[in-house]
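Note that my numbering has the sequence shown beginning at 408, numbered continuously upward.
This report refers to the structure that appears directly beneath it.
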Amino acid sequence: MSILSGLRERLGLKLFLSYLVIIIVGGSVLAGTAEFHAPTVLQRHVERMQAVLGDEPGLIEDFRENFDAAINEILLFSSIFSLAAAIGVSIYVTRRIVGPIQIMMRASHKIAAGEYHERVPVPGSDELGALAQSFNLMAAELEQIEHRRLDLIGNVAHELRTPLSSIRVTMEGVIDGVLPLETETFQGIQREVSRLQRLVYDLEELSRAEAGQLPIRRQRTSIDECIQQAVSRLKLQYEDKQVNLQVTIEPELPAVQADPERVVQVLLNLLGNALQYTPSGKKVWLHTRHTEQAIVIDIQDEGIGIESEHLPHLFERFYRVDKSRSRTGGGSGIGLTVSKHLIEAHGGHISVSSPGLGKGSTFSVKLPLH
Ligand code: ADP
């Protein structure tokens, strides 16, 4: 029972037994041949010898005995050597195949227990090597997903803490009689609640965008109209801050297959950012260009600019160049991530460039025509 279950559970033992079976079959064939075929051959040989040497019973008997002894010796030696070879080969193959499999098994247990940094050595370039490589790839992906998950939880907690503690402090002040019960106090609380609401909305958008679940209703869309709509919605805010917005749209811009609401949402995000990060008295330009394949909308500002080290990370969720600066402005670093997902869902591309700090920045949205 225990041998059977051991056999079922141990690949090495199975390999060894498979070699043993081959040896036993080979040995039996050899022994059978020696037993049944060799005497016939020998008899033929003896008859030929008798014809040449005459009838010599002692000599023939001696010859027969020597022949049998030689056959038995050969069978014994070949059996011992084959057995030793079977043991040697099965140990080698077991180490070569079972060893890496056992390492991968142990590593997978560790990964299942949350040790995502675990990797396995790659044993050569055969199928086992390829398996080890895919295992490592899977482990790296899982590790990244886990990092992103922890990052997300940390960021959300961080974002919630500021408005919540502000509301708590204000409420404590009101209860203790330190803060007066007047409109301004409640307006402060209302501002923080709005911030929380906006954050929750942004998070919902982000999670749906990352899951590819933001609905995109494609239709023949005039980019010209989308731009006009976004600009008219921000017109007052630009005027309030005295930032000059100059819009240049190419005449007879071709229509694209897109969701106009989503295009407007992206433009509002980019124009809103341009306004937020551009000081009063400066300018923001929006202009379009198009090729045979795509329409490009450039939004360029004379604002604070972005250092080159931040540019590759700008579309990552919760990424803010200057955390304190954005928080006072209410930004959570989600807008650009959602915009990127939306544009990519249209088969387009969004990019940013900036000559450096204090030198403004340009965001470009490319939407395919076909
Ligand atoms: P936020 O809500 O913080 O603005 P975004 O995802 O829209 O989030 O932007 C991410 C970050 O990119 C911002 O916090 C800011 O640091 C930087 N950024 C975006 N647009 C501009 C811009 N026009 N000029 C300078 N920095 C910008």
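Virtual Cβ for every residue (Gly too), placed ideally from N, Cα, C.
Everything numeric in this text was worked out from a predicted model, so none of it was measured.
Item checked: Cut-off 6 Å between Cβ atoms - residues of its own chain near K690, not counting five sequence neighbours on either side -> Looking up residue 690 in the sequence shown gives position 283. Excluding sequence neighbours, K690 sits near N651 and E709.
Check: For the 8 Å Cβ check, are there 3 or more pairs between the region 655 to 670 and the region 678 to 686?
Finding: no
Margin query: With three or more C-beta pairs closer than 8 Å as the rule, is the region 586 to 604 touching the region 614 to 625?
Written below: No, because fewer than three Cβ pairs between the region 614 to 625 and the region 586 to 604 fall closer than 8 Å, the two stretches do not touch.
Note to self: Report the CB separation of E566 from S739 in whole angstroms; it is logged as a contact under 8 Å.
What the structure shows: Looking up residue 566 in the sequence shown gives position 159. Looking up residue 739 in the sequence shown gives position 332. Indeed they touch by this definition, with Cβ atoms about 6 Å apart.
Notebook entry, point to check: Between F470 and the rest of its own chain, which residues show a CB-CB distance below 8 Å, the 5 nearest in sequence each way excluded?
Noted result: As a position in the sequence shown, residue 470 is number 63, starting the count at 1. The residues are V453 and M456.
Item checked: Cβ-based burial, T735 [other Cβ within 10 Å; buried from 16] -> Counted from its first residue, the sequence shown places residue 735 at position 328. Here T735 scores only 48 on pLDDT, less than 50, and its place in the model should not be relied on; the value that follows carries that caveat. Exposed.
Check: Roughly how many angstroms separate the alpha carbons of H376 and I630, rounded to a whole number?
Finding: There is no way to answer for residue 376, as the model of the chain reaches only from 408 to 777.
Margin query: Am I right that L675 and A616 are in contact with their C-beta atoms under 8 Å? What's the rounded C-beta distance?
Written below: Position 268 of the sequence shown, counting from 1, holds the residue named residue 675. Position 209 of the sequence shown, counting from 1, holds the residue named residue 616. Not a contact, Cβ separation roughly 15 Å.
Next item on the list: Taking only the alpha-carbon atoms, compute the straight-line gap between A681 and H720 and give it to the nearest angstrom.
Entry: Taking the sequence shown and counting its residues from 1, the one referred to as residue 681 is at position 274. Taking the sequence shown and counting its residues from 1, the one referred to as residue 720 is at position 313. Straight-line Cα distance between these residues: approximately 18 Å.
Checklist line | Residue range of the unbroken beta strand (DSSP E) whose run includes L677 | finding: Numbered from its first residue, the sequence shown carries residue 677 at position 270. For L677, no beta strand (DSSP E) segment is defined; the enclosing uninterrupted segment is the alpha helix (DSSP H) at P667 to Q683.
Note to self: Quick check on the burial criterion: 16 or more other C-beta atoms within 10 angstroms. Buried or exposed for F423?
What the structure shows: Here residue 423 corresponds to residue number 16 of the sequence shown, with the count starting at 1. Burial call: buried.
Item checked: Every unbroken alpha helix (DSSP H) within the region 496 to 579, with a cutoff of 4 residues, ordered by chain -> 506 to 519
Item checked: Closest Cα partner of H717 within the set Q672, S425 and S768 -> The residue given as residue 717 occupies position 310 in the sequence shown. Nearest neighbour of H717 by Cα position, chosen from Q672, S425 and S768, turns out to be S768.
Checklist line | Proximity below 9 Å, CB of A701 to CB of L776 | finding: Indexing the sequence shown from 1 puts residue 701 at position 294. Indexing the sequence shown from 1 puts residue 776 at position 369. It is a contact, given that the beta carbons lie within the stated cut-off.
Note to self: Between which two residues does the alpha helix (DSSP H) holding V607 run?
What the structure shows: The residue labelled residue 607 in the question sits at position 200 within the sequence shown. Per DSSP, V607 belongs to the alpha helix (DSSP H) from T590 to E617.
Check: CB of R615 to nearest heavy atom of ligand 1: below 8 Å?
Finding: Here residue 615 corresponds to residue number 208 of the sequence shown, with the count starting at 1. R615: no, Cβ never under 8 Å from ligand 1.
Next item on the list: Return the CA-CA distance between L764 and R724, expressed in angstroms with no decimal places.
Entry: The sequence position of residue 764 within the sequence shown is 357, counting from 1. The sequence position of residue 724 within the sequence shown is 317, counting from 1. Each residue's Cα considered, the two are about 22 Å apart.
Check: Exposed or buried, which one is E525 when buried takes at least 16 other CB atoms within 10 Å?
Finding: For the purposes of this step, residue 525 is taken as the residue at position 118 of the sequence shown. Burial call: buried.
Note to self: With a threshold of 6 Å on Cβ separation, who are the neighbours of R732 within its own chain once the five nearest residues in sequence on each side are excluded?
What the structure shows: Locating residue 732 in the sequence shown gives position 325, counting from the first residue. Confidence is the limiting factor: at R732 the pLDDT is only 44, short of 50, which leaves the residue's position unreliable, though a coordinate-based value still follows. Closer than 6 Å at Cβ, skipping near neighbours: no residue.
Notebook entry, point to check: Start and end of the alpha helix (DSSP H) containing I750?
Noted result: Reading the sequence shown from its first residue, position 343 is the one you call residue 750. Per DSSP, I750 belongs to the alpha helix (DSSP H) from G742 to A752.
Notebook entry, point to check: Heavy atom of ligand 1 less than 8 Å from the Cβ of T685, yes or no?
Noted result: Within the sequence shown, residue 685 is the residue found at index 278, counting from 1. Taking 8 Å as the cut-off, one finds at least one heavy atom of ligand 1 near enough to the beta carbon of T685.
Check: Is the distance from the Cβ of V527 to the Cβ of A514 below 9 Å?
Finding: Along the sequence shown, read from residue 1 onward, the residue named residue 527 stands at position 120. Along the sequence shown, read from residue 1 onward, the residue named residue 514 stands at position 107. At a Cβ-Cβ threshold of 9 Å, V527 and A514 count as neighbours.
Check: Taking Cβ positions, are D782 and G742 nearer each other than 9 Å?
Finding: In the structure as shown, the chain begins at 408 and stops at 777. Residue 782 is therefore absent and cannot be evaluated.
Note to self: I want to check one thing, is the minimum distance from the CB of R602 to the heavy atoms of ligand 1 below 8 Å?
What the structure shows: Position 195 of the sequence shown, counted from the first residue, corresponds to residue 602. Answer for R602: no, Cβ out of range of ligand 1.
Checklist line | Rounded Cβ spacing between K466 and A441 (contact assumed at less than 8 Å) | finding: The residue given as residue 466 occupies position 59 in the sequence shown. The residue given as residue 441 occupies position 34 in the sequence shown. For the record, residue 466 in the displayed sequence is Leu; it is not Lys. Not quite, the Cβ-Cβ distance comes to about 22 Å (not below 8 Å), so this is no contact.
Notebook entry, point to check: What is the residue span of the beta strand (DSSP E) that N706 lies within?
Noted result: Counting from one through the sequence shown, the residue named residue 706 turns up at place 299. The sequence as given places Ile at residue 706; Asn does not occur at that position. Unbroken beta strand (DSSP E) run through I706: A701 to D708.
Check: Among P667, R602, Q626 and V607, which one has its Cα closest to the Cα of I634?
Finding: Counted from its first residue, the sequence shown places residue 634 at position 227. Selected option, being the one with the closest Cα: P667.
Checklist line | Proximity test, H694 beta-carbon vs ligand 1 heavy atom, cut-off 8 Å | finding: Indexing the sequence shown from 1 puts residue 694 at position 287. The answer is no for H694.
Next item on the list: For S761, count neighbouring C-beta atoms within 10 Å of its own C-beta (all shown protein chains included) and say buried if the count is 16 or more, exposed if not.
Entry: The residue you call residue 761 lines up with position 354 of the sequence shown. Label assigned to S761: buried.
Check: Any idea which residues DSSP pairs S486 with across the strands?
Finding: The residue labelled residue 486 in the question sits at position 79 within the sequence shown. DSSP output for S486 lists no bridge partner at all.
Note to self: I'd like to know whether the C-beta atoms of V703 and K773 end up nearer to each other than 9 Å.
What the structure shows: On the sequence shown, residue 703 is found 296 positions in, with the first residue counted as 1. On the sequence shown, residue 773 is found 366 positions in, with the first residue counted as 1. For V703 and K773, yes; Cβs fall inside 9 Å.
Notebook entry, point to check: Would you say T569 and G595 are within 9 Å of each other, going by their C-beta atoms?
Noted result: Translated into the one-based positions of the sequence shown, residue 569 becomes position 162. Translated into the one-based positions of the sequence shown, residue 595 becomes position 188. Not closer than 9 Å, so no.
Notebook entry, point to check: Any heavy atom of ligand 1 closer than 8 Å to the Cβ of I711?
Noted result: Position 304 of the sequence shown holds residue 711. Because some heavy atom of ligand 1 lies under 8 Å away, the Cβ of I711 counts as near it: yes.
Check: With 16 as the cutoff for other CB atoms within 10 Å, does S425 come out buried or exposed?
Finding: As a position in the sequence shown, residue 425 is number 18, starting the count at 1. It is exposed - the Cβ of S425 has fewer than 16 other Cβ atoms within 10 Å.
Item checked: ligand 1 heavy atom lying under 8 Å from the CB of A681 -> Start at 1 with the first residue of the sequence shown, and residue 681 comes out as number 274. A681 has its Cβ nearer than 8 Å to a heavy atom of ligand 1.
Note to self: For L535 and I504, which I take to be in contact (beta-carbon distance under 8 Å), what is that distance rounded to the nearest angstrom?
What the structure shows: The residue given as residue 535 occupies position 128 in the sequence shown. The residue given as residue 504 occupies position 97 in the sequence shown. The Cβ separation is near 7 Å, so the contact holds.
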